[in-house]
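**Student:** Residue numbers (full-length UniProt numbering), protein chains in the order written: chain A, 1 to 446; chain B, 1 to 234.
In this text, a Cβ means the ideal position worked out from N, Cα and C, and glycines have one as well.
Sharing a structure, written as structure tokens. Questions coming.
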Amino acid sequence: GRVKEMNTYAWPTVFGGAGGESERTRADIISTVEFNYSGDLLATGDKGGRVVIFQREQENKSRPHSRGEYNVYSTFQSHEPEFDYLKSLEIEEKINKIRWLPQQNAAHFLLSTNDKTIKLWKISERDKRAEGYNLKDEDGRLRDPFRITALRVPILKPMDLMVEASPRRIFANAHTYHINSISVNSDHETYLSADDLRINLWHLEITDRSFNIVDIKPANMEELTEVITAAEFHPHQCNVFVYSSSKGTIRLCDMRSSALCDRHSKFFEEPEDPSSRSFFSEIISSISDVKFSHSGRYMMTRDYLSVKVWDLNMESRPVETHQVHEYLRSKLCSLYENDCIFDKFECCWNGSDSAIMTGSYNNFFRMFDRDTRRDVTLEASRESSKPRASLKPRKVCTGGKRKKDEISVDSLDFNKKILHTAWHPADNVIAVAATNNLYIFQDKIN
Amino acid sequence: MLSKGLKRKREEEEEKEPLAVDAWWLDPGHASVAQAPPAVASSSLFDLSVLKLHHSLQQSEPDLRHLVLVVNTLRRIQASMAPAAALPPVPSPPAAPSVADNLLASSDAALSASMASLLEDLSHIEGLSQAPQPLADEGPPGRGIGGAAPSLGALDLLGPATGCLLDDGLEGLFEDIDTSMYDNELWASEGLKPGPEDGPGKEEAPELDEAELDYLMDVLVGTQALERPPGPGR
Chain A
1 GRVKEMNTYA
11 WPTVFGGAGG
21 ESERTRADII
31 STVEFNYSGD
41 LLATGDKGGR
51 VVIFQREQEN
61 KSRPHSRGEY
71 NVYSTFQSHE
81 PEFDYLKSLE
91 IEEKINKIRW
101 LPQQNAAHFL
111 LSTNDKTIKL
121 WKISERDKRA
131 EGYNLKDEDG
141 RLRDPFRITA
151 LRVPILKPMD
161 LMVEASPRRI
171 FANAHTYHIN
181 SISVNSDHET
191 YLSADDLRIN
201 LWHLEITDRS
211 FNIVDIKPAN
221 MEELTEVITA
231 AEFHPHQCNV
241 FVYSSSKGTI
251 RLCDMRSSAL
261 CDRHSKFFEE
271 PEDPSSRSFF
281 SEIISSISDV
291 KFSHSGRYMM
301 TRDYLSVKVW
311 DLNMESRPVE
321 THQVHEYLRS
331 KLCSLYENDC
341 IFDKFECCWN
351 GSDSAIMTGS
361 YNNFFRMFDR
371 DTRRDVTLEA
381 SRESSKPRAS
391 LKPRKVCTGG
401 KRKKDEISVD
411 SLDFNKKILH
421 TAWHPADNVI
431 AVAATNNLYI
441 FQDKIN
Chain B
1 MLSKGLKRKR
11 EEEEEKEPLA
21 VDAWWLDPGH
31 ASVAQAPPAV
41 ASSSLFDLSV
51 LKLHHSLQQS
61 EPDLRHLVLV
71 VNTLRRIQAS
81 MAPAAALPPV
91 PSPPAAPSVA
101 DNLLASSDAA
111 LSASMASLLE
121 DLSHIEGLSQ
131 APQPLADEGP
141 PGRGIGGAAP
151 SLGALDLLGP
161 ATGCLLDDGL
171 EGLFEDIDTS
181 MYDNELWASE
191 GLKPGPEDGP
201 GKEEAPELDE
211 AELDYLMDVL
221 VGTQALERPP
231 GPGR
């Protein structure tokens with residue numbers, strides 16, 4: 001049953017630094033996690049510009065306990081640090097987002113982006129090589145044509161599997177500001193990229209130009225009060241996309257209505273609750289992630305304290321609001337001081353849209369079952385993850401007497417943030433990034 | 001590499017923070033900030049926000065979202081501060097006990113010193129005596145304190161017509177990071193819509209200084225090798 005889904009996550013596979021906290025390097029910090037369309041591949045990007053792809057092992061009867069584990073499939077350097085001489089600025093190599101393309105042949109394609117440049121990578125397998133060339137030796141040296149006395153047909157021989165990643169397109173020089181989102185269109189030909197003030201539309205085959213479809217840069221920059229925080233294409237309607245803002249609003253745009261989508265078709269905003277108004281109201285309303293449901297009927301937004309589910313047909317308020325860590329509301333001042341209030345958490349749907357997941361602090365992450373209205377807090381840490389035991393639900397004590405096994409708010413470690421989580425598109429397999437460690441949990445019940 | 005100190009903005013910002021946040025977090029004895037927001041912000045919250053703004057602007061490429069949120073929060077705080085409340089360099093005793101004030105009391109000296117020097121810089125900036133025009137979307141009235149008291153006027157940093165932390169006025173707040181030279185002209189061709197007019201193009205491209213030029217020449221000539229990590233597919 002559904003309740004069981006949430007309480008019996010186990011079988012953690014952990015990838016990451018072997019050392020403790022003190023040994024972690026900044027470059028290893030995971031900055032994005034994404035399953036492909038089938039869920040067989042899981043990609044991570046990190047602060048050092050590296051992409052690591054994991055592949056799910058085929059379950060086979062001879063090893064019933066392998067349970068479709070994920071192992072490293074390919075690793076490559078996607079982005080390098082660059083220096084912009086004109087602006088005297090270093091461009092970080094950190095991978096902000098990875099998005100897979102739907103698979104069309106044996107190779108896999110993904111888009112990865114840093115602050116300024118998007119790259120299309122092709123990941124392909126090679127398990128054969130040709131032998132017996134006429135014009136060159138086995139070691140590749142050209143043979144003297146006069147010494148070739150007979151012709152032979154090269155034959156293919158098996159070799160150890162090699163996975164190669166090669167950059168096929170580089171989409172550069174189209175963003176003045178920092179790219180926060182990329183999203184592949186359902187037409188499989190175009191994609192969008194969004195920075196703080198603009199959204200561009202690209203064709204996957206064309207790298208030397210893009211169409212600007214949203215521009216919120218004011219004529220006078222001192223009038224700037226709002227930035228774009230996330231953007232995504234509708235999963236089925238290829239002319240529709242949404243983008244969220246730092247003021248907690250979401251705009252839905254239809255590209256059929258005009259070339260430049262400065263006018264939105266729909267505007268989603270929840271009126272502010274006057275009783276909870278504070279100086280930090282705007283900051284905590286800033287949306288850090290927006291995701292359409294698989295069905296395309298709903299979208300979900302993440303702000304600092306909550307996750308909201310919106311019905312696309314109702315702009316006035318969300319249909320569901322789930323509190324992630326409401327106990328932080330009384331701590332906003334100190335969270336403002338240490339900049340934690342600016343942390344950008346992502347959120348994700350499960351394959352059937354019946355559950356949603358998002359991260360929190362202290363390596364906690366939260367799952368909400370939309371049907372039963374139940375929620376659970378789990379922890380991703382090596383200490384609390386034993387291979388076959390289920391993840392134990394955690395609880396934060398918000399006041400009064402602290403029960404055994406509860407954690408008080410003041411004991412939470414705010415350096416251990418889970419910003420990136422991903423859910424397998426069909427199965428109950430989840431990937432959780434805790435700083436530089438990747439946890440993959442599977443549902444115990446088959 | 002050049003400008004080493006300019007990257008990894010967020011981490012360096014945290015290291016520079018003079019506030020002892022760690023002690024705060026772990027001490028269960030501290031009272032939480034009151035649930036109800038104070039009608040008037042404590043001046044220490046104002047100071048903190050100005051400090052954040054200053055840090056943000058010091059980055060060569062500020063995080064625009066962070067900057068905008070801090071600026072908007074600062075405007076709110078400023079708007080709530082009653083005109084009669086003096087804003088001396090040394091914050092007055094807080095009206096409502098708040099942990100922020102308790103914490104900042106210990107670093108008042110440092111803050112007041114930096115505020116004082118900021119004010120001194122601002123007093124040389126033109127336009128400080130102009131009465132600020134209230135922004136259209138600002139809520140609470142009474143914001144137009146005007147340039148009546150020079151110290152108040154100086155602190156009205158974010159009014160549209162007054163001077164600001166940067167030499168070339170509030171416009172410089174954002175224009176410094178805007179390079180219109182990258183915009184639209186390069187992409188304008190048939191089928192593409194050219195973007196709207198950019199702001200006044202009076203900012204100039206930052207000039208390469210001598211050290212940077214030397215480095216650049218060395219790289220081009222090949223005496224300076226650029227480090228290259230292993231290629232893809234390894």
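#1: Which whole-angstrom value describes the C-beta separation of A194/A and D289/A, a residue pair presumed to lie in contact below a C-beta threshold of 8 Å?
#2: For the pair the region 146-157 of chain A and the region 196-210 of chain A, tell me if three or more CB-CB distances fall below 8 Å.
#3: In chain A, what lies closer than 9 Å to S60/B by C-beta?
#4: In whole angstroms, what separates the C-alpha of W423/A from that of T358/A?
#5: Considering only the beta carbon of each residue, do S78/A and S112/A sit closer than 7 Å?
#6: Quick check on S265/A: does DSSP put it in helix, strand or coil?
#7: Find the residues of chain B that neighbour H177/A, judging by a C-beta separation of less than 8 Å, and give them in chain order.
#8: Just mark K128/A as buried or exposed, buried being the case when its beta carbon has 16 or more other beta carbons within 10 Å.
#9: For L53/B, which residues in chain A fall below 9 Å Cβ to Cβ?
#10: State the DSSP-derived secondary structure class of E315/A, mapped to helix, strand or coil.
#11: Could you check the C-alpha separation between K344/A and L204/A for me, to the nearest Å?
#12: Assuming P81/A and I95/A make a contact with CB atoms under 8 Å, what is their CB distance in whole Å?
#13: Beta-carbon separation of G16/A and N338/A under 7 Å?
#14: Quick one: any contact between the region 347-364 of chain A and the region 319-335 of chain A, if contact means 3 or more CB pairs under 8 Å?
#15: Note the first and the last residue of the continuous alpha helix (DSSP H) segment covering T73/B.
#16: Shorter than 7 Å from the beta carbon of L69/B to some beta carbon of chain A?
#17: Measuring alpha carbon to alpha carbon, tell me which of E272/A, N363/A and N313/A ends up nearest E383/A.
#18: Would you mind reading off the limits of the beta strand (DSSP E) that contains V240/A?
#19: Rank Y243/A, Y304/A, A27/A and S316/A by C-alpha distance to the C-alpha of F233/A and give the top, closest one.
#20: Taking Cβ-Cβ distances shorter than 7 Å, what residues in chain A pair up with L48/B?
#21: Report the residue from V309/A, S257/A, T301/A and D410/A whose alpha carbon sits nearest the alpha carbon of D371/A.
#22: Here's the rule I'm using: 16 or more other beta-carbon atoms within 10 Å means buried, otherwise exposed. How should I341/A be labelled?
#23: Interface residues of chain A around D216/B at Cβ under 7 Å?
#24: So residue 242/B is in the alpha helix (DSSP H); what residue range does that whole segment cover?
#25: Which runs of the beta strand (DSSP E) at least 3 residues long sit entirely within the region 152-206 of chain A? Give them in chain order.
#26: Just checking: is the beta-carbon of V227/A within a distance shorter than 7 Å of some beta-carbon in chain B?
#27: May I ask which residues mark the beginning and end of the alpha helix (DSSP H) holding S281/A?
#28: Taking C-beta pairs closer than 9 Å, name the residues in chain A that L45/B reaches, listed in chain order.
#29: Check the DSSP bridge columns for L438/A and list the partner residues they point to.
#30: Does the pairing of the region 32-48 of chain A with the region 100-111 of chain A give three or more beta-carbon distances under 8 Å?
#31: Would you identify the three-state DSSP class for M357/A, choosing helix, strand or coil?
#32: Let me see if you follow: with CB-CB separation under 7 Å, is K4/A close to chain B or not?
#33: Which residue from A434/A, F441/A, A426/A and R402/A puts its Cα closest to that of K392/A?
#34: Quick one: does S244/A have its CB under 7 Å from some CB of chain B?
#35: Does the separation of the CB atoms of Y361/A and K417/A fall below 7 Å?
**Tutor:** Once the coordinates are examined:
#1: Actually they do not touch by this definition, with Cβ atoms about 12 Å apart.
#2: Fewer than three beta-carbon pairs drawn from the region 146-157 of chain A and the region 196-210 of chain A are found closer than 8 Å, and the two stretches are therefore not classed as touching.
#3: S60/B reaches chain A at K87, S88, L89 and E90, counting residues in chain order whose Cβ is nearer than 9 Å.
#4: Rounded to the nearest angstrom, the two C-alpha atoms are 10 Å apart.
#5: A Cβ-Cβ contact shorter than 7 Å links S78/A with S112/A.
#6: Residue state, collapsed to three classes: coil.
#7: According to the sequence provided, residue 177/A is Tyr. The question's His does not apply to it. L64, listed in chain order.
#8: It is exposed - the Cβ of K128/A has fewer than 16 other Cβ atoms within 10 Å.
#9: Residues of chain A passing the Cβ test: none, with the nearest at roughly 13 Å.
#10: Coil.
#11: In a straight line, the C-alpha of K344/A is about 28 Å away from that of L204/A.
#12: At roughly 12 Å, the Cβ-Cβ gap does not stay under 8 Å, so P81/A and I95/A are not in contact.
#13: No, the Cβ-Cβ distance between G16/A and N338/A is not below 7 Å.
#14: Yes, the region 347-364 of chain A touches the region 319-335 of chain A.
#15: Where T73/B is concerned, the enclosing alpha helix (DSSP H) stretches over L64 to S80.
#16: Yes, L69/B lies at the interface with chain A (some Cβ there is under 7 Å from its Cβ).
#17: Of the listed residues, the one whose Cα sits closest to E383/A is N363/A.
#18: In the DSSP assignment, V240/A falls within the beta strand (DSSP E) that extends over V240 to S245.
#19: Of Y243/A, Y304/A, A27/A and S316/A, the residue nearest in Cα terms is Y243/A.
#20: E337, listed in chain order.
#21: Closest by alpha carbon: V309/A.
#22: By the neighbour-count rule (16 or more Cβ atoms within 10 Å), I341/A is buried.
#23: A small correction: the amino acid at residue 216/B is Leu; Asp does not occupy that position in the sequence shown. By Cβ distance, chain A contributes Y85.
#24: Since the first residue of chain B shown is 1 and the last is 234, residue 242/B is not available in this structure.
#25: List check, beta strand (DSSP E) in window: 155-171, 181-184, 190-194 and 198-203.
#26: Cβ-Cβ to chain B under 7 Å: yes for V227/A.
#27: From DSSP, the alpha helix (DSSP H) with S281/A extends over S281 to S285.
#28: Ordered by position in chain A, the residues that pass the 9 Å Cβ test against L45/B are F279, C333 and Y336.
#29: DSSP, once it has assigned bridges, lists F15/A and A433/A as partnering L438/A.
#30: Touching, per the Cβ criterion.
#31: Note: M357/A maps to strand in three-state DSSP.
#32: Model confidence at K4/A stands at a pLDDT of 35, short of 50, so the residue's coordinates are unreliable; what they give is reported in the following sentence. Not one chain B Cβ lies under 7 Å of K4/A.
#33: Minimum Cα-Cα distance from K392/A among the listed residues A434/A, F441/A, A426/A and R402/A corresponds to F441/A.
#34: S244/A does not count as touching chain B.
#35: Cβ atoms of Y361/A and K417/A: closer than 7 Å.
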